[in-house]
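Sequence lines, in order, name chains A and B. 396 is the number that the working numbering gives the last residue of the first sequence; the numbers go up by one with no jumps. 1396 is the number that the working numbering gives the last residue of the second sequence; the numbers go up by one with no jumps.
2 protein chains.
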Amino acid sequence: MPGTNIDYSTIFNKTLPPPSNKWQGHPKYNFIGGHSDPKLVPMDSFIESAANVFTGDPRNIAMYNFEGGPQGILSLRNFLVGKLAAERGIDVSAEDILITSGSGQAIELINEVLLETGDTVIVESFTFSGALSYLRQRGVNFIGVDTDDHGIRMDHLKGILEGLKLEGIRPKYIYTIPTLQNPTGSVMSMERRYQLLNLSEEYDVPIFEDECYADLIFEGEYEKAIRALDDSNRVLHIGSFSKSLGPGLRLGYVVASWDVMSRLLSRKTDAGTGVIDQMIVGDYFSKHYDEHIHDMRSALKRKCDVLSAALREHFGPLVDFEEPRGGMYLWVKLPPETDSRAYVQNALDEGIAYNPGPDWSANPDAAANYIRLCFALPSESEIREGIEKLAKVFKL
Amino acid sequence: MPGTNIDYSTIFNKTLPPPSNKWQGHPKYNFIGGHSDPKLVPMDSFIESAANVFTGDPRNIAMYNFEGGPQGILSLRNFLVGKLAAERGIDVSAEDILITSGSGQAIELINEVLLETGDTVIVESFTFSGALSYLRQRGVNFIGVDTDDHGIRMDHLKGILEGLKLEGIRPKYIYTIPTLQNPTGSVMSMERRYQLLNLSEEYDVPIFEDECYADLIFEGEYEKAIRALDDSNRVLHIGSFSKSLGPGLRLGYVVASWDVMSRLLSRKTDAGTGVIDQMIVGDYFSKHYDEHIHDMRSALKRKCDVLSAALREHFGPLVDFEEPRGGMYLWVKLPPETDSRAYVQNALDEGIAYNPGPDWSANPDAAANYIRLCFALPSESEIREGIEKLAKVFKL
């Protein structure tokens, strides 16, 4: 029936972000995002796990929240109970865990439950771009706290908390990625973890601990989660399977006590997280976590070394970066006058994608001369070629 | 580190819904929600499809939005292009389709893009409880339009639109489930579909067409989608795989042109819908849709007949309902003085769960003497036993 088109621009919500651009495909030398290593996706084992879980109870698929209810499939939550205890020192039961559709949903559920427009939160000065986007979209103020190689600088944090208190502002949380920070790769020292808990108590502000990357430490033993040190319910803890397996499956989790959990559940209005992902990962990780994560850490360590060497070779003394103790990123500092945003399109023209620093910074301009490079996805030869080409883009 | 617990109640967002109750497990005689038939979940075929898709490109799992980009896996979108053309008369390309994490996300993305607090929308007087919840949570006003066995009463709709126009209010959309309406099971006549398009044009208000149940018609030929009759981009169309396969997998979709699609994408901040679900369903339905949906329709028809007979036997003339042309619900009218909410707990004590009418009504009190019964999940003997017991709960 022909008629007059509706002009949707006259009825859109007036606070929408700009429209998306059409998707252009993936670049050849892909250093952006948090993609994982395709060689490490256990495709054969996933076939085995699928065969196991699809001989189970079909009600898991035929029903909303069949086994385990709205907090998620029990096999996966039970795996997490064991992993959190063994790897992160966190002692919880399956009842304290909510499986989410990616850790992004975990962040947004916590935001939904705690935040209102005009609220204030504290974030690390360089931090996850998605967390900043969510806060901007909600009209929440964020204050960046300085960090160094050992995590948040507690003197600066105390100053911020004291200043806010004088203004009568109680921040809703302190968001931290203490273990393999995104983007810097730093690990907060144990001493600072205790200091952070003390400040949290002194100013009555919860800690929002994001441990999406903690599985990817290259070492055997490492710092416990802040949640493991907390006996007074002041740490909301989240994690992810995107980094240990891959972000194409959408699985994350929140660890929280019932006072908060009951609120997260009332705002999880997505009718549950997909059970096929949960069942397959629950089956696979219950049997193969240790060997899988060993292989993942080894592969990432090699790629990290290759990227570091390529940067030294092709960028020389013009770049400065710390070699991280794990994870999938290098946070690379360019000469002070460089604006990393200015080279994005030129790099894409050469098939290279990197993340300009400002997106990962509470104060964008303060990270103008940084870039974030993810080394998990490209092969070792793609890393070498890509960095050689990238140096030419930056005309070094 | 022992310390003083944080009292989260002092920092919760003040507009939160009440906290969730702890999960109590599923009742034996389960007539609630939109659960599907466990016998119809193709577990063996899912094992085959999993074996197929997990021998494909591992980058689908290792990367965000690898194949197909942020709108979803191409095999699944291409299946939908064919299905929408063959079954619903809708002529679109894969570029017009966005795969969502369940159709609930489809609804919420459209809401996010179009609605602000204080806006007004029009809904069918009896309608999907989730859609009403989403609107309430957003502080959006909804006006219920009367329906009969042929869908929305156009005289009433015109009256509402005219009244709003006089008040200077342009409603943001008219939400309709035209084909196997939830909860009534009615199918809007073709004549009314055209009339609805005319009114949409006259008052410049888009139509939000929810076809979550349209796959489940018992007949061979049936009314085309309203989107199929629309040449002027005034229909936003959504659908689901929860009803044709099962809600444990979280897959729905939106059909929209780029002006709206680009906005939906900018608000789809969940880093993509899970690819394992998409790949398995894309593989399975590309090969087996016709036979699958034939079996599903036959099974639901049988269960519908069993439920209808059980109601007649045990409730007799005290209940009134239309036998629907498909779907998974009976919308059952009890005597006028009955308050269906009053019997929910008594029924649960007997292991029976049903949905009280008020949850499915723009004006809750107007549906006090209705209940909604989903017949897809329970076996035929559970339907018979459950209804016999339910009649005793209602003391008939």
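Heads up, the beta-carbon is just placed ideally off N, CA and C, and yes, glycines get one too.
Spatially closest choice to B/D1359 from B/N1182, B/R1297, B/L1016 and B/Y1222, by CA coordinates
For the purposes of this step, residue 1359 of chain B is taken as residue 359 along the second sequence, with counting starting at 1. Per the Cα distances, B/N1182.
Please tell me whether B/I951 and B/R1136 are closer than 9 Å, where the distance is taken between their beta carbons.
No answer is possible for residue 951 of chain B: it lies beyond the span of chain B, which begins at 1001 and ends at 1396.
Kindly list the residues whose CB is nearer than 6 Å to the CB of A/E380, restricted to its own chain and excluding five residues on each side of it in sequence; keep chain order.
Position 380 of the first sequence, counting from 1, holds the residue named residue 380 of chain A. Annotation for A/E380: V306 place their beta carbon closer than 6 Å to its own, counting only its chain and skipping 5 residues before and after.
Give me, in chain order, the residues of the same chain whose beta-carbon lies closer than 8 Å to that of A/N369; leave out the 5 immediate sequence neighbours on both sides.
Position 369 of the first sequence, counting from 1, holds the residue named residue 369 of chain A. Only K333, L334, P335, P336, E337, T338, D339, S340 and G357 meet the Cβ criterion.
Confirm, please, whether the CB-CB distance from B/R1234 to A/I6 is below 9 Å.
Position 6 of the first sequence, counted from the start, is the residue given in the question as residue 6 of chain A. Position 234 of the second sequence, counted from the start, is the residue given in the question as residue 1234 of chain B. The answer is yes: Cβ separation under 9 Å.
Tell me, please, whether the region 64-78 of chain A touches the region 1058-1074 of chain B by the rule of three or more beta-carbon pairs shorter than 8 Å.
Segments in contact, no.
Beta-carbon contacts of B/I1293 that lie in its chain and below 7 Å, excluding the five residues immediately before and after
Stepping through the second sequence from its first residue, residue 1293 of chain B is reached at position 293. Residues of the same chain with a CB within less than 7 Å of the CB of B/I1293, apart from the 5 flanking positions on each side, are D1215 and S1244 in chain order.
Give every residue of the same chain whose Cβ lies closer than 7 Å to the Cβ of A/G386, excluding the five residues on either side of it in the sequence, and list them in chain order.
Counted from its first residue, the first sequence places residue 386 of chain A at position 386. Excluding sequence positions up to five before and after A/G386, its CB lies within less than 7 Å of the CB of Y29, F31, I352 and P378, all in the same chain and listed in chain order.
Starting from B/P1058, find everything on chain A with Cβ-Cβ shorter than 7 Å and list it in chain order.
Locating residue 1058 of chain B in the second sequence gives position 58, counting from the first residue. The contact set of B/P1058 on chain A, defined by CB atoms closer than 7 Å, consists of P38, V41 and M43 in chain order.
Cross-chain neighbours of A/Q105 in chain B, by beta carbon under 7 Å:
Locating residue 105 of chain A in the first sequence gives position 105, counting from the first residue. Within 7 Å Cβ-Cβ: D1270.
Under three-state DSSP, which class holds A/I110?
Within the first sequence, numbered from 1, the residue matching residue 110 of chain A stands at position 110. Residue state, collapsed to three classes: helix.
Are the CB atoms of A/L114 and B/F1012 nearer to each other than 9 Å?
Along the first sequence, one-based indexing puts residue 114 of chain A at 114. Along the second sequence, one-based indexing puts residue 1012 of chain B at 12. Taking 9 Å as the Cβ cut-off, A/L114 and B/F1012 qualify as a contacting pair.
Complete alpha helix (DSSP H) runs within the region 1113-1199 of chain B (minimum length 4 residues, chain order)
Those alpha helix (DSSP H) runs which fall completely within the region 1113-1199 of chain B and span 4+ residues are 1129-1138 and 1154-1166.
Compare the C-alpha of B/Y1008 against each of A/V344, A/L229, A/Y173 and A/K224 and name the closest.
Looking up residue 1008 of chain B in the second sequence gives position 8. The shortest C-alpha separation from B/Y1008 is found at A/Y173.
Just grab the DSSP bridge partners of B/F1208 for me.
Taking the first residue of the second sequence as position 1, residue 1208 of chain B is located at position 208. Beta-bridge pairing links B/F1208 to B/Y1175 and B/L1236.
Enumerate in chain order the residues of its own chain whose CB-to-CB distance from A/R88 is below 8 Å, with the five nearest sequence positions on each side excluded.
Position 88 of the first sequence, counted from the first residue, corresponds to residue 88 of chain A. Around A/R88: E211, A214, K224, A225, R227 and A228.
Compare the Cα-Cα distances from A/L330 to each of A/N346, A/L348 and A/A309 and report the closest residue.
Indexing the first sequence from 1 puts residue 330 of chain A at position 330. Of the candidates A/N346, A/L348 and A/A309, the one whose C-alpha sits nearest the C-alpha of A/L330 is A/A309.
A/N60, DSSP secondary structure in three states:
Locating residue 60 of chain A in the first sequence gives position 60, counting from the first residue. Judged by DSSP in its simplified three-state form, A/N60 adopts helix.
Starting from the Cα of A/E116, find the closest Cα among A/L132, A/D96, A/E201 and A/N141 and give me that residue.
The count along the first sequence starts at 1 and reaches residue 116 of chain A at position 116. Between A/E116 and the set A/L132, A/D96, A/E201 and A/N141, the nearest pair of CA atoms involves A/N141.
Any beta-carbon of chain B closer than 9 Å to the one on A/I6?
Taking the first residue of the first sequence as 1, we reach residue 6 of chain A at position 6. Against chain B, the CB of A/I6 has a partner CB under 9 Å away; the residue lies at that interface.
Flag this pair as yes or no: are the beta carbons of A/T273 and A/S101 separated by less than 9 Å?
Looking up residue 273 of chain A in the first sequence gives position 273. Looking up residue 101 of chain A in the first sequence gives position 101. At the C-beta level, A/T273 and A/S101 come within 9 Å of one another.
Go to A/L330, then tell me how far its beta strand (DSSP E) extends in each direction, as first and last residue.
Counted from its first residue, the first sequence places residue 330 of chain A at position 330. It spans Y329 to K333 - the beta strand (DSSP E) in which A/L330 sits, taken as one unbroken run.
Considering only residues of the same chain and omitting the five flanking positions on each side of B/L1265, which have a CB-CB separation below 6 Å?
Here residue 1265 of chain B is taken as the residue at index 265 of the second sequence, counted from 1. So the list reads P1070, once near-sequence residues are dropped.
Beta-carbon of A/Y329 versus every beta-carbon of chain B: anything under 9 Å?
Counting from one through the first sequence, the residue named residue 329 of chain A turns up at place 329. Chain B contact via Cβ: absent.
C-beta atoms of A/L199 and A/L157 nearer than 9 Å:
Sequence index remark: in the first sequence, residue 199 of chain A carries index 199 (1-based). Sequence index remark: in the first sequence, residue 157 of chain A carries index 157 (1-based). Cβ distance < 9 Å, so A/L199 and A/L157 count as in contact.
Quick check: the Cα distance between B/A1367 and A/K83, rounded to an integer number of angstroms?
Locating residue 1367 of chain B in the second sequence gives position 367, where the first residue counts as 1. Locating residue 83 of chain A in the first sequence gives position 83, where the first residue counts as 1. Going by the C-alpha atoms only, they are around 49 Å apart.
Cβ separation of A/I238 and A/G252, assumed to be a contact under 8 Å, to the nearest whole Å
The residue you call residue 238 of chain A lines up with position 238 of the first sequence. The residue you call residue 252 of chain A lines up with position 252 of the first sequence. Sure, about 6 Å apart at Cβ, within 8 Å.
Counted within 10 angstroms of its Cβ, other Cβ atoms place B/D1149 as buried (16 or more) or exposed
On the second sequence, position 149 is the one that residue 1149 of chain B refers to. Looking at its Cβ environment, which holds fewer than 16 other Cβ atoms inside 10 Å, B/D1149 is exposed.
Can you tell which of B/H1035, B/E1048, B/S1049 and B/P1058 has its C-alpha closest to the C-alpha of A/V41?
Taking the first sequence and counting its residues from 1, one reaches residue 41 of chain A at position 41. It is B/P1058 whose Cα lies nearest to the Cα of A/V41.
Neighbouring residues, chain A, relative to B/V1275 (Cβ below 8 Å)
Along the second sequence, read from residue 1 onward, the residue named residue 1275 of chain B stands at position 275. The contact set of B/V1275 on chain A, defined by CB atoms closer than 8 Å, consists of G248 and L249 in chain order.
For B/K1287 and A/I122, I'd like the C-alpha separation in whole angstroms.
Looking up residue 1287 of chain B in the second sequence gives position 287. Looking up residue 122 of chain A in the first sequence gives position 122. Taking the straight line from one Cα to the other gives about 52 Å.
Three-state class that DSSP yields for B/L1098 in the structure shown
Against the second sequence, residue 1098 of chain B aligns to sequence position 98. Strand, per DSSP.
Quick one: list the residues of chain B neighbouring A/S262, beta-carbon separation under 7 Å, in chain order.
The residue labelled residue 262 of chain A in the question sits at position 262 within the first sequence. Simply P1019 and S1020.
According to DSSP, simplified to helix, strand and coil, what is A/D320?
Indexing the first sequence from 1 puts residue 320 of chain A at position 320. A/D320 falls in the strand class under three-state DSSP.
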